[in-house]
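Order-wise, the sequence lines are chains A and B. The first sequence finishes on residue 267 if you use the numbering used here, and the numbering steps up by one all the way, no holes. The second sequence finishes on residue 1336 if you use the numbering used here, and the numbering steps up by one all the way, no holes. Just so you know, even glycine gets a beta-carbon here, dropped at the ideal spot from N, CA and C. A quick note: this is a predicted structure, and the numbers were derived from the prediction, not measured. Following: one structure in structure tokens, then a few remarks.
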Amino acid sequence: MKLEIRNLSAGYGRKTVLEEINFEIPEGKITTLLGPNGCGKSTLLKTIGRLLRPQRGAVYLDGKAIHTLDTAKLARDLALLPQLHHAPGELTVGQLVAFGRFPHRRAFTPASKHDQEVVDQALEMTRLGVLRDRLLTTLSGGERQRAWIAMTLAQEPEILLLDEPTTFLDVCCQYEVTELVRNLNRTSGLTVVMVLHDLNLAARCSDRLAAIRDGKIRYSGTVSELMKPEILREIFEIETEIAVGTDGIPFCIPTGSCRSTGEKNHG
Amino acid sequence: MKSLRELRHLHTFRLAVLAVLAGLLVLVILLGLRFGSLRLSFSEIILTLWNAPESVEYRILQDIRLPRVLLGVLVGASLAVSGAILQGIMRNPLASPGIIGVSAGGGLGGVLVLLALPELSHLLVPAAFCGALATALCVYLLAWRGGIDPVRLILSGVAIAAMLGAISSTILIFHAEKVAGMLDFAIGSLSGRSWPQLEQVGLYMVAGILVAELGASRLNLLALGDDVATGLGLRVERTRLLLLAAAALLAAAAVSVVGLLGFVGLIAPHIVRLLIGADFRYLIPGSLLFGGAMVAGCDTIGRMALDPSELPVGVIMSLLGPPFFLYLLRRRDHEA
């Protein structure tokens, strides 16, 4: 499905955070939105996920403005995981994942056999089958995040939006989550748009990067095209050294801040 | 032996608890018919209802006890379900029917009708009902700003309740003699309530409970947060408005009959949650059964405790409820 952003301005109340964004989300690829705090990347993701109504312009899914679409129908094509989420009370992994079937269920009818199969499949894809009856509160951070992703997979979406899915996770769990996303994209052609803070993590798991600053997409392209000292300096105000790993993926080593008011302490 | 914490999320365990609660409710209803200033054994009750429709006993059962017990069950069920809904949509364990202003609004409606039209005391219930619903609507409109933020809703409710409470108190101070009936109302009492009151509000209660039952799985989604619920395709604002309306309707109907019986709406859902967990598909019917048993049971105790005089159900509930609740709360801490 084709996801396109045209002339989009969005923000909160009267404040405009995003100005005149035009962007096409590449189908079947992982696109990561990068940028400093407050640049508007989460606002952009929220608007794509119809959590925020655009002030001007729109996000189009196959030519239709998403904020005019039936929200339940949209949820069958597009799933999202907000940055802050918590499970109330005592919920097992299986129960959480079953919520993902909501947009497919007819009102007031019990779960069908097909619903059950999709939930099983989502648990299998996220390797959570054995943890199915465990309470979410007893899982590790990475396992819990996998369970939430499994819930979005049970929606059987073609597009998945993830807002900082690795925040608050330790390094191992961060890779656990991004590798899962990578695998899902490889095996089922899922289109992924996510926000990440860690440049090297983003470089490792993304097909495309979009660098945002002051409410505008300044650069977008492949990982190698964007992982350049001059781009990172403009976007993040940092000095970096870029190297290329043995697997051909570039990584950056930040060597200091170049914000004019900040102290330079690199030599 | 599994702990309650492990058992709680098992389907069969939850159904078993619901069955026990249903049994408890039936038992409470039977005891409510049996006990009172005139004591009847169960066989006498059956014989009277079957054979002696002209007797005094029949009249007591038919005109006093049965409607009062049923009203107690409905009021308790309504308040408990209303509390469960509000705690769900506000994601706040301290939410109760009082928090959206229904108690204060119902109280003011009652005071005004007693003051202005003392000869029309049968208007007390409809007046309290209208006052409660109008206040809930007012709180909702004040909290609306392109959407309902639970915290803003709670704060608006507290503010409005304080204001209406002040107005009621002022009236009570200057016209104490005219509104003597208000004391019962302020404590929560089923004394003298019968079929007319049941007819006035019964339908609203049943309708509200039905909406809550049908909305249970949506309440589960709302509990995940607005953004997650939207992502899953739920129309969050519309769902919240509908459920809030049901909660207001239930609480207004209950308050207008029984008065300011606040405790059950706060505590009954919590007690049921401690027993069977937070899944609303079980919590709503559980709250309904337990809230009904709680109010009807406490009312029966109130009728017996100081026989021949009567203690209002609100007093009994506030005396017996907290110790039981605190016991469950401490048990949970042990498990955790």
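In terms of residue numbering, what span does the beta strand (DSSP E) encompassing residue i cover?
{"i": "Thr1239(B)", "result": "It is not in any beta strand (DSSP E) - Thr1239(B) instead sits in the alpha helix (DSSP H) that spans 1236 to 1258."}
{"i": "Leu190(A)", "result": "It is not in any beta strand (DSSP E) - Leu190(A) carries neither H nor E in the DSSP assignment."}
{"i": "Pro250(A)", "result": "250 to 257"}
{"i": "Arg56(A)", "result": "56 to 61"}
{"i": "Glu1177(B)", "result": "Neither: Glu1177(B) is in no beta strand (DSSP E) and is coded neither H nor E."}
{"i": "Thr109(A)", "result": "No beta strand (DSSP E) contains Thr109(A), which DSSP labels as neither H nor E."}
{"i": "Ala79(A)", "result": "78 to 81"}
Among the residues of its own chain, which have a CB less than 6 Å from the CB of residue i, if the five just before and after it don't count?
{"i": "Ile1064(B)", "result": "none"}
{"i": "Gly1165(B)", "result": "Ala1104"}
{"i": "Arg259(A)", "result": "Glu237"}
{"i": "Arg1152(B)", "result": "Ala1143"}
{"i": "Arg53(A)", "result": "His67"}
{"i": "Ala1019(B)", "result": "none"}
{"i": "Gly262(A)", "result": "Reliability of the predicted coordinates at Gly262(A) is poor, the pLDDT of 49 falling under 50, and no value is obtained from them."}
Determine the chain B residues that contact residue i at a beta-carbon separation under 7 Å, and present them in chain order.
{"i": "Leu80(A)", "result": "Gly1231"}
{"i": "His114(A)", "result": "Result: empty, since nearest Cβ-Cβ is about 17 Å, beyond 7 Å."}
{"i": "Pro103(A)", "result": "Leu1232, Gly1233"}
Along chain A, in chain order, which residues have C-beta atoms closer than 7 Å to that of residue i?
{"i": "Asp1227(B)", "result": "Leu51, Pro82"}
{"i": "Ala1223(B)", "result": "Pro88"}
{"i": "Arg1008(B)", "result": "Glu90"}
So for residue i, helix, strand or coil by DSSP?
{"i": "Leu1145(B)", "result": "The question names Leu, but residue 1145(B) is Arg in the sequence shown. Arg1145(B) falls in the coil class under three-state DSSP."}
{"i": "Thr167(A)", "result": "coil"}
{"i": "Asn185(A)", "result": "helix"}
{"i": "Ser1082(B)", "result": "helix"}
{"i": "Glu1337(B)", "result": "A question about residue 1337(B) goes unanswered here, because the residues of chain B that appear run from 1001 up to 1336."}
{"i": "Leu8(A)", "result": "strand"}
{"i": "Leu69(A)", "result": "coil"}
{"i": "Phe1325(B)", "result": "helix"}
{"i": "Leu1007(B)", "result": "helix"}
{"i": "Leu1123(B)", "result": "helix"}
{"i": "Phe1035(B)", "result": "coil"}
{"i": "Ala1223(B)", "result": "coil"}
{"i": "Ala147(A)", "result": "helix"}
{"i": "Ser1194(B)", "result": "coil"}
{"i": "Thr126(A)", "result": "coil"}
{"i": "Arg213(A)", "result": "strand"}
{"i": "Leu1074(B)", "result": "helix"}
{"i": "Lys264(A)", "result": "Only weak support is given to the placement of Lys264(A): the predicted model assigns it a pLDDT of 48, under 50, and the value that follows is read from those uncertain coordinates. Reduced to three states, the DSSP call for Lys264(A) is coil."}
{"i": "Met1001(B)", "result": "Only weak support exists for where Met1001(B) lies, its pLDDT of 48 falling under 50; the value from the coordinates is given anyway. Looking at Met1001(B) - three-state DSSP - the assignment turns out to be coil, as it is neither helix nor strand."}
{"i": "Ala1186(B)", "result": "helix"}
{"i": "Leu1320(B)", "result": "helix"}
{"i": "Gly35(A)", "result": "coil"}
{"i": "Ala87(A)", "result": "coil"}
{"i": "Leu52(A)", "result": "coil"}
{"i": "Gly221(A)", "result": "strand"}
{"i": "Leu1108(B)", "result": "helix"}
{"i": "Leu1311(B)", "result": "coil"}
Where do the N-terminal and C-terminal ends of the alpha helix (DSSP H) with residue i fall, by residue?
{"i": "Pro1150(B)", "result": "1150 to 1174"}
{"i": "Val244(A)", "result": "Taken as a continuous stretch (DSSP letters only), Val244(A) belongs to no alpha helix (DSSP H), being part of the beta strand (DSSP E) at 238 to 244."}
{"i": "Asp1299(B)", "result": "1280 to 1305"}
{"i": "Thr47(A)", "result": "41 to 48"}
{"i": "Asn22(A)", "result": "Looking at the DSSP string, Asn22(A) is not in any alpha helix (DSSP H); the run it does join, the beta strand (DSSP E), is 15 to 25."}
{"i": "Thr1230(B)", "result": "1226 to 1231"}
{"i": "Ile1271(B)", "result": "1263 to 1276"}
{"i": "Gly1098(B)", "result": "It is not in any alpha helix (DSSP H) - Gly1098(B) carries neither H nor E in the DSSP assignment."}
{"i": "Phe203(A)", "result": "Residue identity differs from the one stated: residue 203(A) is Ala in this sequence, not Phe. Here the alpha helix (DSSP H) through Ala203(A) covers 199 to 205."}
{"i": "Gln1062(B)", "result": "Per DSSP, Gln1062(B) belongs to no alpha helix (DSSP H) and is neither H nor E."}
For residue i, which residues in chain B fall below 8 Å Cβ to Cβ?
{"i": "Gly100(A)", "result": "Leu1232"}
{"i": "Ala75(A)", "result": "Gly1231, Leu1232, Gly1233"}
{"i": "His85(A)", "result": "Leu1224, Gly1225, Asp1227, Val1228"}
Please return the same chain residues whose Cβ sits closer than 7 Å to the Cβ of residue i, not counting the five positions on each side in sequence.
{"i": "Val964(B)", "result": "Past the edges of chain B, shown from 1001 to 1336, lies residue 964(B), and the structure says nothing about it."}
{"i": "Ile1045(B)", "result": "Leu1033, Arg1034, Leu1061"}
{"i": "Ile231(A)", "result": "Ala211, Tyr219"}
{"i": "Gly35(A)", "result": "Lys41, Ala211, Ile212, Arg213, Ile235"}
{"i": "Cys1130(B)", "result": "Gly1109"}
{"i": "Trp1195(B)", "result": "Pro1067"}
Using a C-beta to C-beta distance shorter than 9 Å, which residues of chain A count as neighbours of residue i?
{"i": "Arg1303(B)", "result": "Per Cβ cutoff of 9 Å: no residues; Arg1303(B) is ~37 Å from chain A at best."}
At a cut-off of 6 Å, would you count residue i as near the ligand FAD, judging by its Cβ distance to the nearest heavy atom?
{"i": "Thr137(A)", "result": "Within the structure as shown, the ligand FAD is missing, as the structure has no ligands at all."}
Excluding five sequence neighbours on each side, which residues of the same chain lie with their C-beta closer than 8 Å to the C-beta of residue i?
{"i": "Arg1008(B)", "result": "Arg1014, Leu1275, Ile1276, Gly1277"}
{"i": "Asp1299(B)", "result": "Gly1032, Arg1068, Val1069, Gly1072, Leu1190, Val1313, Ile1316"}
Less than 7 Å between CB atoms is the rule here; does residue i satisfy it with respect to chain C?
{"i": "Gly1072(B)", "result": "The structure shown contains no chain C; its protein chains are A and B."}
**Report entry** Residues in the region 58 to 73 of chain A having any Cβ partner in chain B nearer than 9 Å
**Finding:** Within the region 58 to 73 of chain A, the residues whose Cβ lies closer than 9 Å to some Cβ of chain B are Asp70, Thr71, Ala72, Lys73, listed in chain order.
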